[in-house]
Amino acid sequence: MAKTLSFPYPEPPDPGAIIEVAPGVLWARFPLPFRLNHINVFLLADGDGWAVIDAGIADDASRDAWQALMAGPLRGERLTRLIVTHSHPDHIGLAGWLCARFGAALVTSQTAWLTCLYESLAPDALDRATYHLDYLRHGFGDHAETLMQFGHRYLRMVEPLPDTFRRIVAGDVLHIGERDFRVLTGDGHAPEQVMLHCASDGLFLAADQVLANITPNVSVWATDPDGDPLGLYLRSLAMIGREVSDDVLVLPGHQLPFRGLHSRLKALARHHEDRFSRILAACSEAPRSVFELLPALFRLPLGPHETSFAFSEARAHVNRMVIEGTLRWVDLGDGTARISPN
Ligand SMILES: [Zn+2]
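Each residue of the sequence shown is one higher than the one before, counting from 2 in the numbering used here.
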């Protein structure tokens, strides 16, 4: 029988509290104003202070949670550096504030830095006609306008970044306190997402690449409409399976820390195989737009925030299937892109 996951810390820390999940490894939780209502933040003993993994989203609830943590369990402690795993607002949103408020240096991948500057902080990046036309082309009709107004709002929940950062790349080794962490990066959920692996102590900070009960969102962006983030994601899962042993404690960006990495990697790959089958079945009946595929993949109705994720997630599967040759795009002459089995 396949090995299932185990959860050595089944109760998450209360707001403002911490749990020590390994010697010198602290786990805290911060609120998010979404259906996924929290993010995990880890703190790693780092000489005379603590290195922080991820910052939380830029809103008052998260700022208050940081103040409570630093006035409570971390009173008198120093934050040495903030290592941000990827460019999504729930992870990088408070980076600028946290670094300025507590004197920590920002460490992240170059792509996370640049993507945040572009997607979240560039005034025009999300309002352009590119996105609107893309929604229309894929069958969203009247919904396109709503998605433009509400679907991207969370991307703005980001404070300006510090003026400088320290770039890290795959293969780097970070000396954090007594431990060495090797940097891995993976694409698909976010470009060049950073993960940290301490093989000697069996610790794997997986960011959002591997979560215990959620399939990480994999999105195609209107700015790279033929991109293959799902292909990159599946490649990254295979890389993690080769590079990281099964016995690590996985410390993910959301939900509970767990053991059973390799069975989770296989389950994630199987989930996407299942989606491929459902898409193939749905468009075998008739050519479908990406919008028309959503009922085959998601439980409806979805709000604008969920719809924009669902759309780009469905699109990621379609693009992968087109690239591998299972599907092809067809034009029935009404300006809507539809897919059909090859
Ligand atoms: Zn996240």
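All C-beta atoms, glycine included, are put in the ideal place defined by N, C-alpha and C.
Which of helix, strand or coil DSSP assigns to residue i
| i | result |
| --- | --- |
| I20 | strand |
| F1 | Lying outside 2 to 343, the shown extent of the chain, residue 1 is not represented and no answer is given. |
| L204 | strand |
| V182 | Per the sequence presented here, residue 182 reads as Phe, with Val not at that position. F182 falls in the strand class under three-state DSSP. |
| L162 | coil |
| R316 | helix |
| W222 | coil |
| G97 | helix |
| G334 | coil |
| R79 | coil |
| H144 | helix |
| G50 | strand |
| I215 | coil |
| D58 | Checking the sequence shown, residue 58 turns out to be Ile, not Asp. Looking at I58 - three-state DSSP - the assignment turns out to be coil, as it is neither helix nor strand. |
| L175 | strand |
| H87 | coil |
| A191 | coil |
| A3 | Unreliable positioning characterises A3 in this predicted model, as indicated by a pLDDT of 45, which lies under 50. The coordinate reading is nonetheless provided below. Three-state DSSP puts A3 in coil, outside helix and strand. |
| P230 | helix |
| D125 | coil |
| D15 | coil |
| Q68 | helix |
| F416 | Beyond the ends of the chain as shown, which are 2 and 343, falls residue 416; an answer cannot be given. |
| S63 | helix |
| H139 | coil |
Residues that DSSP places opposite residue i in a beta bridge
| i | result |
| --- | --- |
| N41 | R30 |
| H198 | R183, F205 |
| F259 | V251 |
| S341 | R329 |
| R168 | T109 |
| C241 | The sequence shown places Ile at residue 241, rather than the Cys named in the question. DSSP lists no partner for I241. |
Which residues count as close to ligand 1 when the rule is a CB under 7 Å from any of its heavy atoms, in chain order?
-> I40, H89, D91, H92, D209, G254, H255
The segment 174-188 contacting the segment 220-240, beta-carbon criterion three pairs below 8 Å = yes
Note down, one range per segment and in chain order, each alpha helix (DSSP H) of at least 4 residues found wholly within the segment 263-323.
-> Runs found: 291-298.
Pair every Cβ in the segment 58-72 with every Cβ in the segment 105-120, then say whether three or more of these pairs are closer than 8 Å.
-> no
Validate contact between the segment 280-298 and the segment 308-318 using beta carbons, cut 8 Å, 3 pairs | yes
Hey, is the segment 194-210 in contact with the segment 84-101, meaning 3+ C-beta pairs nearer than 8 Å?
-> Short answer: they touch.
Given 8 Å, three or more beta-carbon pairs between the segment 140-151 and the segment 9-22 = Touching, no, given that fewer than three Cβ pairs across the two stretches are closer than 8 Å.
Cβ contact (3+ pairs, closer than 8 Å) linking the segment 114-122 and the segment 133-140 | no
Pair every Cβ in the segment 211-230 with every Cβ in the segment 163-170, then say whether three or more of these pairs are closer than 8 Å.
-> no
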